[in-house]
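In the working numbering, the protein residues as written are 5 to 435.
All residues carry an ideal CB built from backbone N, CA and C; glycine is no exception.
What follows is a single structure, written as structure tokens, with notes after it.
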Amino acid sequence: MPKYILAKYIPEYSGREITLKGWVYNIRKSGKIWFLIFRDGTEFVQCVVLKNEVSEAVFEMKSTLTQESSIAVTGVVQEAPRQETGYEILVKNIEVYHVAEEYPIALKEHGIEFLMDHRHLWLRSRGPYAVMKVRAELEQASRDFFNARDFTLVDSPMFTPNAAEGSTTLFETKYFDRKAYLTQSGQLYSEAAIMALNRTYCFGPCFRAEKSKTRRHLTEFWMVEPEMAFFDIHDDMDLAEEFVESLVKRVLGNCKRELQMLERDTAKLEGITRPFPRITYDEALEILHRKGFEVEWGEDFGAPHETAISEEFDKPVMIWRWPAATKAFYMKRDPEDERYVLGVDMIAPEGHGEIIGGSQREEDIDVLLRRIETEALSREDFEWFLDIRRYGSVPHAGFGLGLERTTGWMCGTRHIRECIPWPRTMVRLKP
RNA sequence: UCCGGAGUGGCUCAAUGGUAGAGCGGGUGGCUGUUAACCACUAGGUUGUAGGUUCGAAUCCUAUCUCCGGAGCCA
């Protein structure tokens, strides 16, 4: 018998005496019986304290233990069908590490500002706990997916010398006697890396200094970005679809308990199987016009448009073949019609927005040079990027998946600030 | 940056021009199967800030700060 066990394993010790180490989540007192809801970061377990089963000192802890006090509980694991886990602990002894001061977060409703100010404590609550577990599962599932398909992890730098896409606002920082910017994407570096390693992915934080105040935006977020040599836009979409399907499967398989805690309707996730609908921008525009939106050809879609399109499907929908003006300079033009680029966005169901943006990349140096010129980007900054097209250029493609948006979709979270441990937004830099 | 909304005990809210209340949390007591347990008692607020109108302002006006929701941009 180990010195102590993690709470998630108590079913394996049914009928035996074990010790748990963790924190008091809640206490419900009665006269000669009291209930201690225990948590240790692996599960929440009810512990029952009966007057005639423990010493008087332990029984009297009902009036000295406070919410979030740290303890070691020794007791017998017994079946309890009314518990979510099916088990509870009949307490024999409690040892106290620390009696917590009055805890700010009650087991009642709080406002989001208060909770985010106390994020360092809020993480202990059931909801954030479950979301963090799902997020971690998605990260691991992503790595497993690409590692199993001959991708090499090649992480990209956070400091960059220039504005990669020119359009979005970057955080500027001092870099000794120069300026540097925080990366908004690892893609350009991945394009170089695949010429060395064929298929790569990077997985790290990205930074956008845009003054976005919506439930879908953070200034610091995580993105997993695969990049593949010899892939065209269709191969790219095939992979994106297989990837997202695998993520849903992993979360459904490994995060049942977390989804239960979050009261997520898993039926909506169970239907997420290949193939996903693929429509072109023009087809999406028809849907919008049919639904009464006034969008001109060539305009990008806003959040209400995305939601309206996603409502037509019960799976993620891929919208591809976009008007060139709406997309970044590096996307490949459609050879059949120069007005379009071979880019794709994947929109998650239930209003969770765009979770993937990808494209086939422009491999022709002359076309790329023209676009750099048209968009008034600095050619000097992109010389290394152009080298990729000078030495054995090949068709290639890739995409980026936003981790927080995907986590939000899996968990049914309204706002993605709950899907990252320490959210950074326009108005929040603490804790 | 623009549009809309809100700031009242530790927290969540009520009080719409006339003596600032409730629930939760805290404290005290009660209860042997509770499920954000329950019951009783109790402490706790110069109503975001600065001006103004009024006999009288949480309430009306002006300014300002902060946050929330949405837009643009995007993952």
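Would you give the residue range spanned by the alpha helix (DSSP H) that residue i belongs to?
i      : result
Thr411 : Leu407 to Cys415
Val299 : From DSSP, Val299 is part of no alpha helix (DSSP H); its letter is neither H nor E.
Gly257 : Ile237 to Asn258
Arg278 : It is not in any alpha helix (DSSP H) - Arg278 carries neither H nor E in the DSSP assignment.
Gln50  : Run containing Gln50: none in the alpha helix (DSSP H); it sits in the beta strand (DSSP E), Phe48 to Leu54.
Glu60  : Glu60 to Phe63
Classify residue i as buried or exposed, calling it buried when 16 or more other Cβ atoms lie within 10 Å of its own Cβ.
i      : result
Gly1   : Only positions 5 to 435 of the chain appear in this structure, which leaves residue 1 out of reach.
Ala61  : exposed
Leu40  : buried
Pro427 : buried
Arg325 : buried
Gln50  : buried
Arg343 : exposed
Leu289 : buried
Lys336 : buried
Trp388 : exposed
Ile313 : buried
Leu157 : exposed
Lys319 : buried
Arg409 : buried
Tyr179 : exposed
If you follow the beta strand (DSSP E) that residue i is part of, which residue opens it and which one closes it?
i      : result
Trp27  : Glu21 to Lys33
Pro209 : Arg203 to Phe211
Val77  : Ser74 to Glu83
Glu358 : Gly357 to Gln364
Lys178 : Glu176 to Tyr179
Phe39  : Ile37 to Arg43
Ile323 : Val321 to Pro327
Taking residue i as the reference, give the member of the options with the closest Cα.
i      : options                           : result
Thr277 : Ala352, His293, Val52 and Tyr344  : Ala352
Gly208 : Glu143, Asp318 and Ser382         : Glu143
Gly45  : Gln87, Leu119 and Met136          : Met136
Asn202 : Glu316, Phe235 and Leu24          : Phe235
Val252 : Lys331, Asp159, Gly275 and Cys206 : Gly275
Leu381 : Gly190, Ala271 and Ala332         : Ala332
Arg139 : Glu106, Phe63 and Arg254          : Arg254
Tyr13  : Glu72, Ile93 and Ile31            : Ile93
Pro308 : Glu88, Lys319, Arg374 and Gly296  : Gly296
Ser34  : Asp368, Arg43, Phe63 and Trp126   : Phe63
Lys55  : Cys423, Glu47, Phe42 and Trp38    : Trp38
Ser74  : Ala84, Tyr107 and Glu88           : Tyr107
Gly402 : Ser189, Val321, Ile424 and Phe211 : Ser189
Lys434 : Leu292, Glu117 and Thr70          : Glu117
Glu113 : Ala104, Ser129, Glu99 and Ile9    : Ser129
Arg421 : Gly347, Asp368 and His221         : His221
Val77  : Val95, Asp338, Met65 and Glu366   : Val95
Thr164 : His122, Ile98 and Cys210          : Cys210
Pro102 : Pro339, Leu69 and Arg268          : Pro is not the amino acid found at residue 102; the sequence shown has His there. Here the closest residue by C-alpha is Leu69.
Lys215 : His238, Asp239, Thr173 and Gly412 : Thr173
Ile424 : Arg86, Gly79, Ile31 and Leu127    : Leu127
Would you identify the three-state DSSP class for residue i, choosing helix, strand or coil?
i      : result
Glu105 : coil
Tyr185 : strand
Met199 : helix
Pro308 : helix
Arg294 : helix
Ala401 : strand
Phe118 : helix
Gly347 : strand
Glu340 : coil
Ala134 : helix
Ile283 : strand
Phe150 : helix
Thr270 : coil
Thr330 : helix
Glu233 : The sequence shown places Ala at residue 233, rather than the Glu named in the question. DSSP places Ala233 in strand when its eight states are reduced to three.
Arg394 : helix
Rounded to the nearest angstrom, how far is the Cβ of residue i from that of residue j, given a contact under 8 Å?
i      : j      : result
Phe155 : Tyr205 : 5 Å
Pro327 : Gly355 : So it is not a contact: roughly 24 Å between Cβ atoms.
Ala110 : Leu266 : The pair is not a contact, with the Cβ atoms about 20 Å apart (cut-off 8 Å).
Glu229 : Gln191 : 6 Å
Met227 : Gly406 : 6 Å
Phe149 : Phe280 : Phe149 to Phe280, Cβ: 16 Å. No contact.
Asp240 : Gln364 : 6 Å
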